[in-house]
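Residue numbers (this note's numbering), protein chains in the order written: chain H, -11 to 307; chain V, 76 to 328.
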């Protein structure tokens, strides 16, 4: 497939996913329905960034939600200091998540396998407890965020429709960025490091550097998801950086299809939808969700993306 | 002739086991130096020391007169110290042509750069070279298959191809013929002879004595981590010490 048609396909799939929210809102006549789809898009961004290092880099990070937390808190702190402009907030969020990812990456990338999983978890927990114990930022109770990000005078961030469009644009651009990195020359090197680090090293690639760059980029993108989350919930809580949240991100990636370009997006939508629907029946909805995940893993090669791929033969091809 | 590669008094021990004891060895420009010895003699350990995957307890590795002690593997690879593995190490789930492309890219641009992030996977620049490599190594028809689906002989050829096209200054071949059928082995020996002999200095580790005596300019016999002797193929073949230690065992294989 040519580069151009791949880009068109990317944009088409993402626009289709973005369109679901407004369609539901219009049909139901309830603009508040948009909030659910905003959440799905935000999770899709976070999961896409995790998928980049998990699916293409072979790094199973069990602490990826920490960047959601970082993005969220940085946005909240800035907003509560009356710094609400997008062009200040976003660069600061990206820089902060990159710094945290660099710190974590420099440590965890010296390990591999189970140790990698455990140390990403441990380091993420450090940041989690940092947030819990910071009484200035609300500690365990979290922190209210009073202002949403502003962009231009014409943009009203508290209007449901306008905010949805804002969310969708940032989310789509972030996911396109991740997909671009995966398809880039760098992405190929990253896959090589996943496939055989020994061989990659013997060819002259610096496996550590390649992994670190992808790790930091993934952190930055996930930080952007945190920035959106702060805006969407108008709240920052340590819970966003908890290991349960990291687990959810892993579940989304696995559900959608590890190492597929649109898997995280499908996974996030399926996850949010199921959560909403199942939680309507019982508080113990994970008891129903668990078996569903197992069935998907057992019967769909490459998760939901693999399933969609099979329906549209020419559609989202893996890798 | 000057030495392109020189090992001085290399010692490696794993716990109480002395894998290598004061091994010295040199490789001349354009020559093939074979390293032979019974199983467990420390041949692969020596290659790992050379490539930087193992740090010796003692000793120097001189590359073109300069010490490379302490340099990590990927930096040594960038200097042109290229190795193949006894057990083929390929990118298993990437197509054959992409394996080759990765080797070409490593040759031209091993470092991570910002450009690589912006640039889409540029295949066009390499299309011609890629096609010629596939042709030269008889992998044209297998270009799209995954290495995991290749025959053992094809995998060996691919591994050798990836090493050769990276323009090595020194090649370390760790049992390139292991597990190959007689005809595949003969093909590979012919390939080494045609593409490399006299051109690229090679340190060859091999159990196939026909291949060793056919290719090597110089042979070092390693037994129990120590150099038993170094000499021309004729000297080695006629040495009673070597026959006692090694060649007589050949019947056991």
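Ideal Cβ placement from N, Cα and C applies to all residues, glycine included.
Since the structure is predicted, the reported quantities are computational estimates derived from the model, not experimental observations.
Per DSSP, the bridge partner or partners of residue i
{"i": "residue 306 of chain V", "result": "V:294"}
{"i": "residue 278 of chain V", "result": "V:108 and V:247"}
{"i": "residue 301 of chain V", "result": "V:298"}
{"i": "residue 131 of chain H", "result": "H:224"}
{"i": "residue 337 of chain V", "result": "Any answer about residue 337 of chain V is impossible in this case: the structure gives chain V only from 76 up to 328."}
{"i": "residue 283 of chain V", "result": "In DSSP, residue 283 of chain V forms no bridge with anything."}
{"i": "residue 78 of chain V", "result": "V:103"}
{"i": "residue 73 of chain H", "result": "H:138"}
{"i": "residue 172 of chain H", "result": "V:195"}
{"i": "residue 175 of chain V", "result": "Paired residues: none, contrary to the question."}
{"i": "residue 93 of chain V", "result": "V:88"}
From the options, residue whose alpha carbon lies closest to that of residue i
{"i": "residue 91 of chain V", "options": "V:125, V:132, V:179 and V:84", "result": "V:132"}
{"i": "residue 255 of chain V", "options": "V:244, V:246, V:248 and V:232", "result": "V:232"}
{"i": "residue 48 of chain H", "options": "H:136, H:7, H:97 and H:275", "result": "H:97"}
{"i": "residue 130 of chain H", "options": "H:245, H:137, H:176 and H:120", "result": "H:120"}
{"i": "residue 200 of chain H", "options": "H:111, H:93 and H:160", "result": "H:93"}
{"i": "residue 259 of chain V", "options": "V:227, V:287, V:249 and V:103", "result": "V:227"}
{"i": "residue 138 of chain H", "options": "H:106, H:155, H:123 and H:44", "result": "H:155"}
{"i": "residue 197 of chain H", "options": "V:163, V:147 and V:186", "result": "V:186"}
{"i": "residue 125 of chain V", "options": "V:279, V:182 and V:266", "result": "V:279"}
{"i": "residue 152 of chain V", "options": "V:182, V:169, V:130 and V:173", "result": "V:182"}
{"i": "residue 101 of chain H", "options": "H:241, H:182 and H:-3", "result": "H:182"}
{"i": "residue 274 of chain V", "options": "V:99, V:81, V:93 and V:103", "result": "V:103"}
{"i": "residue 350 of chain H", "options": "H:176, H:229, H:21 and H:256", "result": "Outside the modelled stretch of chain H, which goes from -11 to 307, sits residue 350 of chain H, for which no answer is possible."}
{"i": "residue 260 of chain H", "options": "H:151, H:30 and H:19", "result": "H:30"}
{"i": "residue 215 of chain H", "options": "H:142, H:106, H:83 and H:241", "result": "H:83"}
{"i": "residue 55 of chain H", "options": "H:281, H:91, H:273 and H:291", "result": "H:91"}
Burial state of residue i, where buried means 16 or more other Cβ atoms lie within 10 Å
{"i": "residue 219 of chain H", "result": "buried"}
{"i": "residue 317 of chain V", "result": "buried"}
{"i": "residue 189 of chain H", "result": "buried"}
{"i": "residue 85 of chain H", "result": "buried"}
{"i": "residue 144 of chain V", "result": "exposed"}
{"i": "residue 3 of chain H", "result": "exposed"}
{"i": "residue 195 of chain V", "result": "exposed"}
{"i": "residue 315 of chain V", "result": "exposed"}
{"i": "residue 52 of chain H", "result": "buried"}
{"i": "residue 26 of chain H", "result": "buried"}
{"i": "residue 297 of chain H", "result": "buried"}
{"i": "residue 60 of chain H", "result": "buried"}
{"i": "residue 286 of chain H", "result": "exposed"}
{"i": "residue 114 of chain V", "result": "exposed"}
{"i": "residue 320 of chain V", "result": "buried"}
{"i": "residue 5 of chain H", "result": "buried"}
{"i": "residue 77 of chain V", "result": "exposed"}
{"i": "residue 108 of chain H", "result": "buried"}
{"i": "residue 211 of chain H", "result": "buried"}
{"i": "residue 95 of chain V", "result": "buried"}
{"i": "residue 328 of chain V", "result": "Only weak support is given to the placement of residue 328 of chain V: the predicted model assigns it a pLDDT of 44, under 50, and the question is left unresolved by the model."}
{"i": "residue 166 of chain V", "result": "buried"}
{"i": "residue 89 of chain V", "result": "exposed"}
{"i": "residue 250 of chain V", "result": "buried"}
{"i": "residue 132 of chain H", "result": "exposed"}
{"i": "residue 33 of chain H", "result": "buried"}
{"i": "residue 337 of chain V", "result": "Since the displayed chain V opens at 76 and closes at 328, residue 337 of chain V lies outside it and no answer follows."}
{"i": "residue 202 of chain V", "result": "exposed"}
{"i": "residue 172 of chain V", "result": "buried"}
{"i": "residue 190 of chain V", "result": "exposed"}
{"i": "residue 304 of chain H", "result": "With a pLDDT of 45 at residue 304 of chain H, under the threshold of 50, the modelled position of this residue cannot be trusted, and the question is left open."}
{"i": "residue 184 of chain H", "result": "buried"}
Beta carbon proximity, residue i to chain B, threshold 9 angstroms
{"i": "residue 227 of chain V", "result": "Among the protein chains of the structure shown, namely H and V, there is no chain B."}
Continuous beta strand (DSSP E) assignments of at least 3 residues falling wholly in the segment 212 to 248 of chain V: For the segment 212 to 248 of chain V, there is no continuous beta strand (DSSP E) assignment of 3+ residues that stays within its boundaries.
Interface positions of the segment 235 to 255 of chain V facing chain H (Cβ-Cβ less than 8 angstroms), listed along the chain: Only those residues of the segment 235 to 255 of chain V whose C-beta falls short of 8 angstroms from the nearest C-beta of chain H are listed: 237 and 241.
Members of the segment 19 to 52 of chain H that neighbour chain V once the beta carbon cut-off is set at 7 angstroms: Those would be none; no residue qualifies.
Unbroken stretches of the alpha helix (DSSP H), 4 residues or longer, contained in the segment 98 to 159 of chain H: Listed in chain order, the complete alpha helix (DSSP H) runs (minimum 4 residues) inside the segment 98 to 159 of chain H are 101 to 121.
Chain V contacts made by the segment 163 to 180 of chain H, where a contact means CB separation under 9 angstroms: So the list reads 168, 169, 171, 172, 173, 174, 175, 176, 177, 179 and 180, given in the order they occur along the chain.
Against chain H: residues of the segment 152 to 174 of chain V by CB proximity under 8 angstroms: Among the residues of the segment 152 to 174 of chain V, those with a Cβ less than 8 angstroms away from any Cβ of chain H are 152, 153, 157, 158, 160, 164, 165, 166, 167, 168, 169 and 173, in the order of the chain.
Continuous alpha helix (DSSP H) assignments of at least 4 residues falling wholly in the segment 178 to 208 of chain V: Listed in chain order, the complete alpha helix (DSSP H) runs (minimum 4 residues) inside the segment 178 to 208 of chain V are 189 to 193.
Any beta strand (DSSP E) of 3 or more consecutive residues that is wholly inside the segment -1 to 73 of chain H: Counting only runs of 3 or more, we get nothing.
Unbroken stretches of the alpha helix (DSSP H), 4 residues or longer, contained in the segment 105 to 163 of chain V: Correct list: 118 to 126 and 148 to 153.
Interface positions of the segment 249 to 269 of chain H facing chain V (Cβ-Cβ less than 9 angstroms), listed along the chain: Correct list: empty, as no residue qualifies.
Near-chain H residues of the segment 275 to 307 of chain V (beta-carbon distance less than 9 angstroms), N- to C-terminal order: From the segment 275 to 307 of chain V, no residue has a Cβ closer than 9 angstroms to chain H.
Members of the segment 191 to 214 of chain V near chain H, C-beta cut-off 9 angstroms: Listed in sequence order: 191, 192, 193, 194, 195, 196 and 197.
4-residue-minimum alpha helix (DSSP H) runs that sit fully inside the segment 171 to 247 of chain H, ordered along the chain: Given a length threshold of 4 residues, each whole run of the alpha helix (DSSP H) inside the segment 171 to 247 of chain H is given here in chain order: 173 to 183, 185 to 191, 195 to 221 and 231 to 244.
Length-filtered (4 minimum) alpha helix (DSSP H) runs lying within the segment 244 to 301 of chain H: Entirely contained in the segment 244 to 301 of chain H, the alpha helix (DSSP H) runs reaching 4 residues are, in chain order, 251 to 269, 274 to 287 and 291 to 299.
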